[in-house]
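Take a look at the structure below.
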Amino acid sequence: MKSGTGELQTIALFGGTSEIGLAILRTFVGPSTERIVLACRDTVSGQTVADTFDERITVDVIEWEARDLAAGPNIISMFGDDNRDIDLVIIAAATLGEQSAFDADPVLAGEAVVINTASPIATLSATTSQMTAQGHGNIIVLSSVAGVRVRSDNRVYGASKSGLDSYALALANELDDTGVEITVVRPGFVHGRMTDGMKPAPFATDPAAVALATHNAVAAGRRVVWVPRVLQLVFAVFRILPNSIWRRIRR
Amino acid sequence: MSGGLLKISGWGQTSPARTFLRDAHSVEELHDALTSVGHRGAIARGLGRSYGDAAQNSGGSTIRFTDRSFSFDADCGVVTASAGATFDDIMTQIIPHGWFVPVTAGTRQITVGGAIAADVHGKNHHRDGSFGSFVQSISLLLASGDVVELDRSSHHDLFFATIGGMGLTGIILSATFDLLQVSSAMMSVRTERHGDLDTLMESMLRNDSAFRYSVAWVDGTATGKHLGRGVITHGDHASSDEVRSNHKRSSDYRSPTTIGIPRFVGAARSVRRSTSLLFSELWYRKAPKLREGQLVSIPSFFHPLDGVGHWNRLYGKSGFVQHQCVVPLDRDDVIRSILHRVSSDRPANVINVLKRFGEGNDAHLSFPQPGWTLTVDLPVTSQLPTMLVDIDEMVLSAGGRHYLAKDATTGSHSIRSGYPRLDEWQHIRHRVDPDQRWQSDLSRRLNLCATPKDSE
C-alpha cells in the first residue's frame, strides 16, 4: 500500500539490472519501502544489485527470461496470492541491438520485438488486471524517442518501442478512473552500458536525469515524460517532416 | 442497500481509496452486502473520522452500517446502541437526564462501532481509561455469517481483540456500555499557561489526578527556551451549585452549529505557515496565566473543532497527517525531541496536544499505555516522510507506539515493535477469519492480517 505521504511499500522492476530502471527505482525507495522484486535474466548481477539496498528491505531477485511470455505474468500473480499490494511496476527490460545484426539474422530481429514489445505487453496486461483489482497502482514504461518516428537505420528497435509506446498510451486511456496510472518515459540517447561505445546523439542524457524526470512526472500524474524535455519540441518537428527529408536522417 | 465504486479517504484526506461503498440500513441488508464481497474483503466504516486508511478498502468493499438507533436506561445509566449510532445523538439525548458518555474523543461525530474498533480515548484517560473499559458487551458479525455476543466472560479473547481491533475481527452490530453520571451540563475549568515544556509537564504531573479531564495545547511554533510552551486545561463536570451561581454562560450541550470550510479552501503553504504562527501566538497570549472555576459548555470544552465543518480542508488538497504517539512517562525527552523537530522544520502546524495517559486495558491492540501522548498535525509536504521516520524511530526505541486510528505512514515493522501483542491478536483473528474476509488499506499497509506463523 501507498502511505499517506505517497511513499511506496512494494516495487517490482522488470529488467532488474537495467541502469535506467534501477535509477528510477531508487528514486522511489524510501523509509516506507518494504519489498522490492528484481526480475532479471542474470540473477548473479541481480543479487549484487539487491545487496546495495538497505537491509530492512526484502529484495527478491527472480530469474526472468523476457522471451518467455508467461514469465512476467507469473511474477505479477505472486503479488495477488500473498494479499499485499504492489504499488509500482517498472518495465525497463529492452534490447537495442545492431540493425546490421538484425538484417543478417531475421530470428534475432523477431526476438528483439518479443523482448521490447511482446514481453512488456504481456507483463503490462497482467499488471493492470492485478492493479485494477487492488484499485490503485503506478506503472512506468520505458519507451524511447526512437519509437516516436522510426529511423531506417534503427528500424527494429524503433518499431518495437513504437509498438510498446502506443500500446501503453492506449492502455492508459482504458485505465481512466481505476486508480491505476501509467507513465510512458521517452528518453533520447542515454549514456550507459546499453550505449557504450556509441556516438552520442544530440541532447544526450544520463540515467540519473531520466530517473529524476520520471519521478517528477509520476508525482505530477503526467502520462508522458520526455528526457530531456526539449526532445518533445524536436520530435514535434520531426513528426511532421516530409518523408523525403526524414529518410535521409541518420544518427 | 446502495453504492458503487467510489473514491473515499480518511479525515486526513491522504491516500484516497477506490472502493465499493455500500450502505446497509439493517442487519439483513448487511448480510446481503456481504454476499457480494470478493477476495479484497470488506471493512466497516462509520463517519470517516479516523485520519488514515483504517476505514477504507481499495478494490474491495467498505460498508457503512447506517442503523443509528439506540436505547437508553436513564435509571441505570446504560446505553445499548447500534454500531451506527453517533456520539452526537447519544449525548444530545442523555445529558438532560444527568448522564454523559464515559469517554469522548475530540469530536462527537463518531459512531459507537468506530469508538470500539479504535478504542478511543479522551481527556479523562489518566483517570478512567479508554472507551473499551466501559463496554459491557458487543454483538459481532463474524466472517462465517454468525453473530456472537461478546463480553468479559464469554468469548473473552475475541471481546478484547475486537476492542481496538480496527474492525478486522468482524462487523460490530451493537454494543452496550456504561455512562457517567453528571450533575450539570456545564464544565468547570481551570486554565494554566506555561512558558516552557518543563513547567508544563511538571504541572500536569502534579495536578492532573485532581481533575477528571486534563489536556494541554502545545505551541508547535515556539522554539528555544519557549519550546513546548502551552496551555493546560483541567476540567470537571460542574456541580449543580456551581451552575446555579453562574447564569451568564450558555449551557447548550448540543452539537454546535457549524461554519463549513468549502472544498476549494487550502491556502498556499506560505499563507498557512504565517496563519499558524499567528494563531499559535494568539492562542498562547489569550490564555490566562491561571484561571479557576470558569464555567464552559460541553461542546466548547470537548469538541471545539466540531464548530468548524470540514476543518480538515484547511491543510490543502495534499491532506495532513495527524501523528499521535505515546511514550513511557520517564521518556519525556522524546516529547521534547519531537517538538524540537516539528518546530525547527517549521511546517504549518497548529494543533498539538499533550496529555498523560493512565493505565492501559486488556485489549491487544488498544493504543493507550501509561505515559505521555503527543498529537501533532502535520500537513503533507515533501519533507514530511523523513521527519516522520526520525520521529517514529525515537518513539519506537523509547518503547512507545502509534495510534492506529490516526496512522497513515508507518510500516509493518514499526507496528510490530509498538504492539508486542500483535501475534496473540493475529491468532485470535485468524481463528475467526481464516479467509481474510475483513481487510482494509490499513491492514494491508501494516500487514495486520498476516497468517500467524504456526497456523500456516
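First to last, the sequence lines map onto chains A and B. Residues 1 to 251 (the numbering used here) are what the first sequence spells out, left to right. Residues 1001 to 1456 (the numbering used here) are what the second sequence spells out, left to right. C-beta atoms are modelled at their ideal positions from N, C-alpha and C, and glycine is treated no differently. Treat the numbers as computed from the prediction; the structure is a model and nothing was measured.
Review point. Looking at the unbroken alpha helix (DSSP H) that takes in S1019/B, where does it start and where does it end?
Key: Going by the sequence as given, residue 1019/B is Thr instead of Ser. Looking at the DSSP string, T1019/B is not in any alpha helix (DSSP H); the run it does join, the beta strand (DSSP E), is A1017 to A1024.
Exercise for review: Inspect the beta-carbon positions of G1122/B and A1105/B and report whether they are closer than 9 Å.
Suggested key: yes
**Study point:** Reference R1444/B; option with closest CA among P106/A, R229/A and G80/A
**Key:** G80/A
Check your understanding: Per DSSP, what kind of secondary structure is Q1181/B in: helix, strand or coil?
Key -> strand
Review point. Mind pulling the chain A residues with CB within less than 7 Å of L1384/B?
Key: T5
Exercise for review: State buried or exposed for L1396/B, treating a residue as buried only when at least 16 other CB atoms are found within 10 Å of its CB.
Suggested key: buried
Check your understanding: For C1325/B, which beta-bridge partners are listed by DSSP?
Key -> L1374/B and H1402/B
**Study point:** Three-state class that DSSP yields for K1453/B in the structure shown
**Key:** helix
Check your understanding: In the DSSP assignment, what are the bridge partners of E19/A?
Key -> None, per the DSSP bridge assignment.
Review point. Just the Cα atoms here: how many angstroms apart are A118/A and D1088/B?
Key: 58 Å
Practice item. Look up Q1457/B in the DSSP assignment and say whether it is helix, strand or coil. Key: The structure shown does not extend to residue 1457/B, since chain B is modelled only from 1001 to 1456, so the question has no answer here.
Exercise for review: Would you tell me roughly how many angstroms separate the C-alpha atoms of T128/A and R1040/B, rounded to the nearest one?
Suggested key: 16 Å
Check your understanding: With a Cβ-Cβ cutoff of 9 Å, do G1319/B and V1389/B count as a contact?
Key -> no
Point to revise | For R1341/B and V1326/B, the rounded distance between their alpha carbons | key: 16 Å
Check your understanding: Between which two residues does the beta strand (DSSP E) harbouring D60/A extend?
Key -> T58 to E63
**Study point:** Distance between beta carbons of V185/A and S125/A, contact taken as under 8 Å
**Key:** Not really, about 19 Å apart at Cβ, beyond 8 Å.
Review point. What residue from A1450/B, H1310/B, T1451/B and S1440/B has the CA that sits closest to G1018/B's CA?
Key: The question names Gly, but residue 1018/B in the sequence shown is Arg. Of A1450/B, H1310/B, T1451/B and S1440/B, the residue nearest in Cα terms is S1440/B.
Exercise for review: Closer than 7 Å, Cβ to Cβ, to anything on chain B: give me those residues from the stretch 124-135 of chain A, in chain order.
Suggested key: A133, Q134 and G135
Review point. The beta strand (DSSP E) with P187/A in it runs from where to where?
Key: V180 to P187
Exercise for review: Return no unless some Cβ of chain A is closer than 9 Å to the Cβ of R1431/B.
Suggested key: no
Point to revise | Unbroken stretches of the beta strand (DSSP E), 3 residues or longer, contained in the stretch 46-100 of chain A | key: 58-63 and 88-91
Check your understanding: From I115/A to Q1324/B, what does the alpha carbon distance come to, in whole angstroms?
Key -> 49 Å
Point to revise | Local conformation of L1030/B per DSSP, three classes | key: helix
Exercise for review: Show which residues of chain B have a CB atom less than 7 Å away from the CB atom of R84/A.
Suggested key: R1444 and N1447
**Study point:** Contact check, F14/A vs I75/A, beta carbons under 9 Å
**Key:** yes
Practice item. Using three-state DSSP, classify P996/B as helix, strand or coil. Key: Any answer about residue 996/B is impossible in this case: the structure gives chain B only from 1001 up to 1456.
**Study point:** Reference V1376/B; option with closest CA among L1227/B, L1404/B and V1218/B
**Key:** V1218/B
Check your understanding: Do the CB positions of L1459/B and T1410/B come within less than 9 Å of each other?
Key -> Because residue 1459/B is not part of the residues shown, which for chain B are 1001 to 1456, the question remains open.
Practice item. Classify D1236/B as helix, strand or coil using the three-state DSSP reduction. Key: strand
Review point. Is it buried or exposed for H1155/B, if we count other Cβ within 10 angstroms and need 16 for buried?
Key: buried
**Study point:** F14/A - DSSP class collapsed to helix/strand/coil
**Key:** strand
**Study point:** Pair within 9 Å by beta-carbon distance, R1064/B and R1022/B
**Key:** yes
Practice item. Determine which residues share a DSSP beta bridge with W1011/B and list them. Key: W1011/B pairs with nothing; no bridge assigned.
**Study point:** Contact list for E34/A against chain B, beta-carbon separation under 8 Å
**Key:** G1411, S1412 and H1413
Point to revise | Neighbour-count burial assignment, N1349/B, 16 or more Cβ in a 10 Å radius | key: buried
Check your understanding: In whole angstroms, what separates the C-alpha of A1117/B from that of Y1419/B?
Key -> 16 Å
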